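There are 2 protein chains.
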Amino acid sequence: MELKDILIQRSTELYQNYLPHISIDCVVFGFHEASLKVLLVRMKGQEDGWALPGGYMGKDEVMKKAADRILTERTGATNIYLQQFRVFDELDRVGDFFKDYPHGQWHAQRFVSVGFYALVDYTDVTPVIDEYSDACEWMDVDSLPGMVMDHRAILDKALITLRRQLNYKPVGNKLLPEEFTMPELQKLYEIILGKSLNRGNFYRKMMAYNILDKQEGTRKGGAHKAPNLYKFNLERYKEALKDGFKEGW
Amino acid sequence: MELKDILIQRSTELYQNYLPHISIDCVVFGFHEASLKVLLVRMKGQEDGWALPGGYMGKDEVMKKAADRILTERTGATNIYLQQFRVFDELDRVGDFFKDYPHGQWHAQRFVSVGFYALVDYTDVTPVIDEYSDACEWMDVDSLPGMVMDHRAILDKALITLRRQLNYKPVGNKLLPEEFTMPELQKLYEIILGKSLNRGNFYRKMMAYNILDKQEGTRKGGAHKAPNLYKFNLERYKEALKDGFKEGW
């Protein structure tokens with residue numbers, strides 16, 4: 000069955016269960032082999048029609064729970080750290096995508112979409128396709144495929160938000176293995192920021208945040224002096240996630 | 000006429016013109032006599048029922064334009080710098096406020112509210128009451144009156160967002176007179192942050208942002224050495240507002 004027919008069939012049920020006019024789009028970032036990835040779905044029958052995983056909020060459901068539910072369905076992962084970052088409400092945001100759909104059909108409504116972003120452990124995720132999609136894959140943020148509607152703009156804005164977040168909140172837990180070296184953590188920051196950082200400055204600034212515990216052992220293997228291993232101190236990490244870093248002004 | 004009767008009378012018209020389930024709440028900050036103020040309206044007949052200025056978005060209106068319209072109605076000020084900062088969607092966010100309203104009445108719907116905050120020139124604003132309110136006043140953020148629904152939580156979150164913004168965006172244009180001294184700018188930051196700052200550090204950090212132009216003259220009067228006057232370089236200020244400061248990581 001074609002995408003359009005599937006969606007039309009679902010219309011009544013969607014009206015019964017969800018708040019009209021409000022949708023959710025999720026930008027799910029993962030880190031793998033020194034590159035930043037984002038989880039995309041390809042809409043059924045759309046060759047270059049990749050989309051962000053998304054959905055709607057139940058009439059008696061809070062938005063964060065709805066976003067959790069949507070992501071769990073798509074990834075199998077639970078307890079994902081999700082953050083709303085912006086509302087997308089341009090009048091032409093879906094373009095012509097639903098232009099041949101019947102008037103009054105659920106998908107043909109005007110939707111104001113709330114963007115969430117998530118940082119996940121790449122290895123926790125098993126991408127799942129649903130009845131609307133024929134692919135669900137991790138894509139490199141540096142070489143993205145064509146995307147439907149305003150989803151590319153939503154993704155770009157999530158990336159800007161993530162970069163900004165590096166200035167006032169910790170990032171890295173879930174993206175890195177439990178134990179990591181300072182160069183590995185620096186690499187993650189460099190990938191997110193899209194630029195190189197000075198090694199000494201990075202070390203000093205990161206240590207000043209007081210969220211790392213140095214481990215006893217060192218990373219084995221390799222010709223050079225084995226680098227020290229660190230873990231995030233999860234208690235202080237969570238505190239900083241909630242309140243922001245104490246530095247700044 | 001009582002508030003409830005006025006609102007019930009408006010229900011049909013509101014359904015015709017606005018998107019259901021979505022509202023807008025505005026937190027308008029101004030700076031006056033070394034204190035941070037917020038613009039509040041008192042809902043008609045509610046003794047301790049102060050609220051944020053708010054409203055709805057037209058069926059063919061973008062949200063930012065709707066927020067602009069709402070604020071212009073309430074303040075007479077145009078071209079206000081407005082920033083959406085969060086969606087508020089708790090199931091019990093309005094509490095019992097509309098519990099005696101007829102089922103299906105516009106205001107008795109579940110609303111997901113988008114919070115905007117604005118920084119305005121206190122002197123540009125002429126608070127205006129509407130048919131729902133019997134007062135519209137600037138209140139000091141340090142001594143707020145009782146507020147309806149979840150409006151106090153929305154205000155608190157806006158203040159946290161504004162504080163955070165000091166770490167990556169310029170603040171001060173519109174809040175300060177065109178020419179100001181470094182101590183006056185520092186005072187503004189201290190009021191927003193609710194804490195004292197070191198004078199030397201403040202000066203160095205602020206100059207590094209490269210958004211100030213030192214003026215020829217000095218502030219006259221006073222016994223001490225007259226302090227230098229500065230202006231924001233609006234071109235670089237706007238650039239920093241758009242892209243964030245170049246420092247940070």
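For the record, the sequence lines run as chains A and B. Residue numbering for the first sequence follows numbering that gives the first Met the number 0, starting at 0 and increasing by one per position. Residue numbering for the second sequence follows numbering that gives the first Met the number 0, starting at 0 and increasing by one per position. Just so it is clear, CB atoms sit at the ideal spot from N, CA and C, and this is done for glycine as well. Note that this is a predicted model, so its numbers are computed, not measured.
| Asked | Found |
| --- | --- |
| Kindly list the residues whose CB is nearer than 7 Å to the CB of P226(B), restricted to its own chain and excluding five residues on each side of it in sequence; keep chain order. | T180, M181, P182, T217, R218 |
| Hey, is G243(B)'s beta-carbon within less than 8 Å of any beta-carbon in chain A? | yes |
| Report yes if the C-beta distance between Q108(B) and P52(B) is below 8 Å; otherwise report no. | no |
| Along chain B, which residues have their Cβ under 8 Å away from the Cβ of Q83(A)? | R85, V86 |
| For a quick check, are the C-beta atoms of A65(B) and V124(B) less than 8 Å apart? | no |
| Exposed or buried, what is A207(A) when buried is set at 16 or more other beta-carbons lying within 10 Å of its beta-carbon? | exposed |
| What do you get for P176(B), buried or exposed, if any count of 16 or more other CB atoms within 10 angstroms of its CB means buried? | exposed |
| Between the alpha carbons of T74(B) and L81(B), how many angstroms are there, rounded? | 14 Å |
| Give a yes or no on whether the minimum CB-CB distance between M19(B) and chain A is below 8 Å. | The residue you asked about is not Met; residue 19(B) is Pro in the sequence shown. Interface residue, yes. |
| Can you tell me whether F97(A) is helix, strand or coil according to DSSP? | coil |
| Cutting at 8 Å between CB atoms, please list the residues of its own chain near V127(A), excluding the five before and the five after it. | E72, R73, T74, G75, C135 |
| Using the beta-carbon count (16 or more within 10 Å), is K241(A) buried or exposed? | exposed |
| For a cutoff of 8 Å on Cβ pairs, would you count R163(B) as touching chain A? | yes |
| DSSP three-state call for Q214(A): helix, strand or coil? | strand |
| Quick check: what's the CA-CA separation for R258(B) versus V86(A)? | Because chain B is modelled from 0 through 248, residue 258(B) falls outside the range shown and cannot be assessed. |
| Given 8 Å as the limit, is there contact between the region 143-161 of chain B and the region 134-154 of chain A, that is, 3 or more CB pairs closer than that? | no |
| Whole beta strand (DSSP E) runs in the region 31-58 of chain B with 3 or more residues, listed along the chain? | 34-42, 53-57 |
| Whose CA, out of E32(B), E12(B), D47(B), H106(B), lies closest to the CA of L184(B)? | E32(B) |
| Who are the near neighbours of I83(A) in its chain, counting only those whose CB is closer than 6 Å to its CB and skipping five residues on each side? | Inspection of the sequence shows that residue 83(A) is occupied by Gln rather than by Ile. Closer than 6 Å at Cβ, skipping near neighbours: V113, F115. |
| Straight-line CA distance for Q164(A) to P169(B)? | 16 Å |
| Looking only at DSSP bridge pairs, what is Q83(B) linked to? | F115(B) |
| Strictly under 8 Å for the Cβ-Cβ distance: is L184(B) near chain A by that measure? | no |
| For R162(B), tell me which candidate among R92(B), S10(B), L118(B) has the shortest Cα-Cα distance. | L118(B) |
| What are the residues in the region 48-64 of chain A lying within 9 Å of chain B by C-beta distance? | M56, K58, D59, E60, V61, M62, K63 |
| Please report the distance separating the alpha-carbon of Y55(A) from that of I159(B). | 28 Å |
| How long is the line joining the alpha carbons of E238(B) and V37(A), rounded to whole angstroms? | 29 Å |
| Give the DSSP bridge partners of F28(B), in chain order. | V37(B), L118(B) |
| For a test of the three-state rule: what should DSSP assign to G132(A), helix, strand or coil? | Reading off the sequence shown, one finds Ser at residue 132(A), where the question assumed Gly. It is a strand residue. |
| Who are the near neighbours of Q15(B) in its chain, counting only those whose CB is closer than 7 Å to its CB and skipping five residues on each side? | none |
| Please check if any C-beta of chain B sits within less than 8 Å of the C-beta of V93(A). | no |
| List the endpoints of the continuous beta strand (DSSP E) containing L228(A). | 227-231 |
| Kindly indicate which three-state DSSP category D139(A) falls into: helix, strand or coil? | strand |
| Where does Y17(B) sit, in a helix, a strand or coil, going by DSSP? | strand |
| Which value, in whole angstroms, describes the spacing of the CA atoms of D4(B) and Q104(B)? | 11 Å |
| What residues in the region 201-216 of chain A bring their beta carbon closer than 9 Å to a beta carbon of chain B? | F201, K204 |
| So that I know if they touch, is there some Cβ in chain E lying closer than 8 Å to that of V140(A)? | Of the chains in the structure shown, none is chain E; the protein chains are A and B. |
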